[in-house]
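In this note's numbering, the protein residues as written are -3 to 576. Worksheet: the structure to be examined is printed underneath.
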Amino acid sequence: MTPYAPTDDILFALKLAADEEEMTSGLFQDLANGFAEQTILEAEKFAKAQLLPLNKIGDQIGARFNAGVVTTAPGWVEAYEKWKNGGWNGLSAETEYGGSALPILLNAACTEIWNSANIAFALCPLLSHGAIEALSAHASAELKNIYLPPIISGAWPATMNLTEPQAGTDLALLRTRAERGEKGSYRIYGQKIYITYGEHDLSENIIHLVLARLPDAPAGTRGISLFLAPKFLPDDAGGFTRRNDIRCVGLEHKLGIHGSPTCTMSFGDTQGATAYLIGEENNGLACMFTMMNNARLSVGIQGVALAERATQMALAYALDRKQGRALGALATSSIIEHPDVMRMLLTMASLTSAARSICFETAASLDRASREKDPTKAKVAFERASLLTPIAKAFASDIANETTSLGVQVHGGMGYIEETGAAQLMRDARICAIYEGTNGVQAIDLTMRKIMLSEGKTLENELTDMDKIAQDHSCEDLINAVQALKEASAFIQQALKQDPNIALAGATPYLRLFALARGGTLLNKAADRAKKNNDPHSIRRETIAKFFSRNIANCAPALAKSIIHGADSTLAGAKIFNRP
Ligand SMILES: Cc1cc2nc3c(=O)[nH]c(=O)nc-3n(C[C@H](O)[C@H](O)[C@H](O)COP(=O)(O)OP(=O)(O)OC[C@H]3O[C@@H](n4cnc5c(N)ncnc54)[C@H](O)[C@@H]3O)c2cc1C
């Protein structure tokens, strides 16, 4: 059996983020009495039976394009039908439109499992989840009534259409046009690139969420509106059979996630693509951010999923492969006996656990924000989720790249050739650091905006929590990591007032530093909880927490130094790289 995501670790991390008390008498009661366990086991059963067997087929055959028609890899259509019928799509969506209104945290746990099995497949529902949030928050009652039920059920998957050839990170440059049409509708004209699942054969309709600019819109990001444009429009008989003026004109050939069609989409080649406004005119970016924030956390979880799978595969291989004699051994040893291989495996396992705990904390904070009745507490929870989201996305996807690469290394030559699947994981992971806002953009978001939420109070609360855990453990490396984060935070906050370029130069090391301190403290909290509860994996959790503190989080002071003293030397690059 191919090594796979360990559900006991996922469940343990979920319970830690939800907090046991809140599961018995608080906001997360719907996870109690074995419900979370049962759901996670069912999600795993589905993933193993339906998604895992298609992972390699998706990679090798991929999605294909022929004259505007996109065909997914063999087995994809049947698996999607089962996905839909299993009711997985609407796990955390509101009940009013057919969802199950379960915690985002539970959906996050299941999302990890599905992405571990087959990220290219799981990407389709991932985007629908973001669209559900955006429509729930911003669409009119009429649009919600028509479109939310089929998106939630999975019958009509949704897409996100932002990117254009000249407008990637900088959406102010987007040119897709929208014109006001008849009966309150709009017509869209333009081309979008890199649209995930923009066209496919999994469903009878596809719902595109599209950013476009009205003729009288102000320049820049304040002049962007968000529209819903279905592939098929309603007909007079109440069906959806009228083809909208939207075409897929090609598929990208890419490094990984071959099973996921990455489409070039043309809107309005003839009469204009009929579309409906979501939210208010010129306020589209704010609406799209609801979708993007959801998707950012999900991409972080994709990172955890691939990192975990890589770790499991590397561990199985290291136990099996025999090379060399470990010191003191009488016969050839399994490579796991060599300290250097052990170091690689522990690096992979501890980075993965740290990233998972940060992602699940973010998800639980989002649940608290929406479930908490007290508006002050809800705001605190929302801002905590906002602070953690860029860290969850960027750290988890960065470590996915690091761990999947280490996974190849543990396999030696077998990792580099395609047979084991280690190489596919590495190729698939690469995109996670790029889409949904590159990791550089996440670092900038954290540094320029998130640490200043509520005049810095949100950050202060997080630092206080980390400090307490580090002090309680009397762990020098953790105490130093939190101290380094405090110093770097104070430096960045000052730099923001004096010379923001200094803060920008340190943004990426700052995000990493934050993740090391937060991840390390959460792993130690997990180890404590495991010991207290006589968790059967208590020794494993303690070993991982200790390894992370002493071998990974101990780099924190060096990162702080680079942030505080390294900006000038970074900005000096202008002297050598800028063309005269
Ligand atoms: C497989 C795949 C699937 C995708 N799916 C979708 C989708 O479904 N919908 C969609 O709309 N898009 C999608 N994208 C597009 C993706 O979101 C963009 O590629 C991404 O946002 C980066 O934009 P870009 O490629 O234009 O890079 P650029 O914006 O050109 O960035 C290049 C580099 O410059 C850096 N950079 C740019 N601006 C700044 C700045 N202001 N400060 C600091 N650094 C900066 C970036 O961090 C990056 O390292 C997908 C892309 C791929 C490859």
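Where a beta carbon is used, it is the ideal one built from N, C-alpha and C, also for glycine. None of the values given here were measured: they were computed from a predicted structure.
> If N290 sits next to G94, beta carbons under 8 Å apart, how far is it from one beta carbon to the other, in whole angstroms?
Replying inline: What you label residue 290 is simply residue 294 of the sequence shown in a count that begins at 1. What you label residue 94 is simply residue 98 of the sequence shown in a count that begins at 1. Your pair N290 and G94 does not check out as a contact, with CB atoms roughly 18 Å apart and the cut at 8 Å.
> A533 by DSSP, collapsed to three states: which one?
Replying inline: Along the sequence shown, one-based indexing puts residue 533 at 537. Inspection of the sequence shows that residue 533 is occupied by His rather than by Ala. DSSP, reduced to helix, strand and coil, places H533 outside both helices and strands of the structure shown, so it counts as coil.
> Short check: CB of F223 to CB of Y185, under 8 Å?
Replying inline: Taking the first residue of the sequence shown as 1, we reach residue 223 at position 227. Taking the first residue of the sequence shown as 1, we reach residue 185 at position 189. For F223 and Y185, no; Cβs fall outside 8 Å.
>> Rounded to whole angstroms, what is the Cα-Cα separation between L555 and Y506?
In response: Residue 555 sits at position 559 when you count from the first residue of the sequence shown. Residue 506 sits at position 510 when you count from the first residue of the sequence shown. In a straight line, the C-alpha of L555 is about 7 Å away from that of Y506.
> From this set, A32, R292, A208 and F236, which residue's C-alpha is nearest E276's C-alpha?
Replying inline: The residue you call residue 276 lines up with position 280 of the sequence shown. Considering only alpha carbons, the answer is A208.
> So does K227 have its beta carbon nearer than 7 Å to some heavy atom of ligand 3?
Replying inline: In terms of ligand content, the structure shown lacks ligand 3 and carries ligand 1 instead.
>> As a quick exercise: from P496, F510, T454 and A501, pick the residue whose alpha carbon is nearest that of A480.
In response: The sequence position of residue 480 within the sequence shown is 484, counting from 1. Among P496, F510, T454 and A501, the Cα nearest to that of A480 is on F510.
> In chain order, what residues of the same chain have a beta carbon less than 8 Å from the beta carbon of N114, not counting five sequence neighbours either side?
Replying inline: For this step, residue 114 is matched to residue 118 along the sequence shown. Within the same chain, A43, L47, L48, L50, N51, G54 and G255 come within 8 Å of N114 by CB-CB distance, once the 5 residues on both sides are set aside.
> Roughly how many whole angstroms lie between the Cα atoms of L10 and N141?
Replying inline: Here residue 10 is taken as the residue at index 14 of the sequence shown, counted from 1. Here residue 141 is taken as the residue at index 145 of the sequence shown, counted from 1. Counting only the Cα atoms, N141 lies some 33 Å from L10.
> What residue does the alpha helix (DSSP H) around A225 start on, and which one ends it?
Replying inline: The residue you call residue 225 lines up with position 229 of the sequence shown. For A225, no alpha helix (DSSP H) encloses it; the enclosing beta strand (DSSP E) starts and ends at S221 to P226.
>> Restricting to Cα atoms, I'd like to know which of I465, E200 and K482 is closest to I147.
In response: For this step, residue 147 is matched to residue 151 along the sequence shown. Checked all of I465, E200 and K482; the closest Cα to I147 is E200.
> With C-beta atoms as the reference, is A549 less than 8 Å away from G516?
Replying inline: In the sequence shown, residue 549 corresponds to position 553, counting from 1. In the sequence shown, residue 516 corresponds to position 520, counting from 1. Closer than 8 Å, so yes.
> If you count every other CB in all the chains shown that lies within 10 Å of the CB of R537, and 16 or more means buried, which is it?
Replying inline: The residue labelled residue 537 in the question sits at position 541 within the sequence shown. It counts as buried.
>> Let me check one thing: in DSSP terms, what residues is M156 bridge-paired to?
In response: Locating residue 156 in the sequence shown gives position 160, counting from the first residue. For M156, which the question treats as bridged, DSSP gives the partners L205.
>> Could you compute how far the alpha carbon of N497 sits from the alpha carbon of A491?
In response: Along the sequence shown, one-based indexing puts residue 497 at 501. Along the sequence shown, one-based indexing puts residue 491 at 495. Looking at the two C-alpha atoms, the distance is approximately 8 Å.
> Once you ignore the five residues that flank D363 on each side, which residues in its own chain have a CB closer than 6 Å to its CB?
Replying inline: If you number the sequence shown from 1, residue 363 lands on position 367. So the list reads P99, I100 and L101, once near-sequence residues are dropped.
> Cβ of N497 within 7 Å of any heavy atom in ligand 1?
Replying inline: Indexing the sequence shown from 1 puts residue 497 at position 501. In this structure, the C-beta of N497 stays at least 7 Å away from each heavy atom of ligand 1.
> Would you call the region 213 to 223 and the region 236 to 252 touching, i.e. three or more CB-CB distances under 8 Å?
Replying inline: Verdict: no, contact absent.
> G280 to V295, Cα distance in whole Å?
Replying inline: Within the sequence shown, residue 280 is the residue found at index 284, counting from 1. Within the sequence shown, residue 295 is the residue found at index 299, counting from 1. Roughly 22 Å separates the two Cα atoms.
> Hey, out of D564, L519, H561 and F543, whose CA is closest to A13's CA?
Replying inline: Taking the sequence shown and counting its residues from 1, one reaches residue 13 at position 17. Checked all of D564, L519, H561 and F543; the closest Cα to A13 is L519.
>> Quick check: does the Cβ of Y93 come within less than 7 Å of any heavy atom belonging to ligand 1?
In response: As a first step, residue 93 is located in the sequence shown; it is residue number 97 there, counting from the start. Distances between the C-beta of Y93 and the heavy atoms of ligand 1 are all 7 Å or more.
> Below 8 Å, can you find three or more Cβ-Cβ pairs linking the region 375 to 391 to the region 451 to 460?
Replying inline: Yes: the two stretches touch, three or more of their Cβ pairs being nearer than 8 Å.
> Got a sec? Which residues, its chain only, sit under 7 Å from Y584 by beta carbon, not counting five neighbours each side?
Replying inline: What the structure shows of the chain is the stretch from -3 to 576, and residue 584 is not part of that stretch, so it cannot be assessed.
> Cβ of I430 versus every heavy atom of ligand 1: is any distance shorter than 7 Å?
Replying inline: The residue labelled residue 430 in the question sits at position 434 within the sequence shown. Within 7 Å of the C-beta of I430 there is at least one heavy atom belonging to ligand 1.
>> Using only CA atoms, which one of Y76, S353, A135 and T35 lies nearest to A522?
In response: Within the sequence shown, residue 522 is the residue found at index 526, counting from 1. Put simply, of Y76, S353, A135 and T35 the residue whose alpha carbon is nearest the alpha carbon of A522 is S353.
>> Can you tell me whether A486 is buried or exposed? The criterion is at least 16 other CB atoms within 10 Å of its CB, across all chains shown.
In response: Position 490 of the sequence shown, counted from the first residue, corresponds to residue 486. The residue in question, A486, is exposed, as its Cβ has fewer than 16 Cβ neighbours within 10 Å.
> Buried or exposed: which applies to L78, given that a residue is buried once 16 or more other Cβ atoms fall within 10 Å of its Cβ?
Replying inline: Your numbering for residue 78 matches position 82 in the sequence shown. Correcting the residue identity first, residue 78 is Lys in this sequence and not Leu. Exposed.
> Which two residues bound the contiguous alpha helix (DSSP H) that contains K80?
Replying inline: For this step, residue 80 is matched to residue 84 along the sequence shown. Segment W72 to N81, the alpha helix (DSSP H) holding K80.
> How would you call P121, buried or exposed, if buried means at least 16 neighbouring beta carbons within 10 angstroms?
Replying inline: Residue mapping note: residue 121 aligns to position 125 of the sequence shown, counting from 1. When all chains shown are included, P121 counts as buried.
> Is E357 buried or exposed, if buried means 16 or more other CB atoms sit within 10 Å of its CB?
Replying inline: For the purposes of this step, residue 357 is taken as the residue at position 361 of the sequence shown. Counting Cβ neighbours within 10 Å, E357 comes out buried, since at least 16 surround it.
> Can you list, in chain order, the residues of its chain whose CB lies under 7 Å from that of E90, leaving out five sequence neighbours each side?
Replying inline: Working through the sequence shown from its first residue, we reach residue 90 at position 94. If we look at E90 and ignore the five residues flanking it on each side, its Cβ neighbours are A97 and S132.
>> Let's see if you can read the secondary structure: which residues bound the beta strand (DSSP E) around G186?
In response: For the purposes of this step, residue 186 is taken as the residue at position 190 of the sequence shown. G186: member of the beta strand (DSSP E) spanning Y182 to T192, first to last residue.
> According to DSSP, what are the bridge partners of N279?
Replying inline: Residue 279 sits at position 283 when you count from the first residue of the sequence shown. Listed as beta-bridge partners of N279 by DSSP are I220.
>> Check for me: the alpha helix (DSSP H) holding E129 runs from which residue to which?
In response: Within the sequence shown, residue 129 is the residue found at index 133, counting from 1. Here the alpha helix (DSSP H) through E129 covers I100 to H134.
> In angstroms, rounded to a whole number, what distance separates the CA positions of V66 and S149?
Replying inline: Taking the first residue of the sequence shown as 1, we reach residue 66 at position 70. Taking the first residue of the sequence shown as 1, we reach residue 149 at position 153. So the alpha carbons of these two residues sit roughly 22 Å apart.
>> Just verifying my parser: in three-state terms, what is the DSSP assignment at L89?
In response: Here the question's residue 89 lines up with position 93 in the sequence shown. According to the sequence displayed, residue 89 carries Ala and not Leu. Reduced to three states, the DSSP call for A89 is coil.
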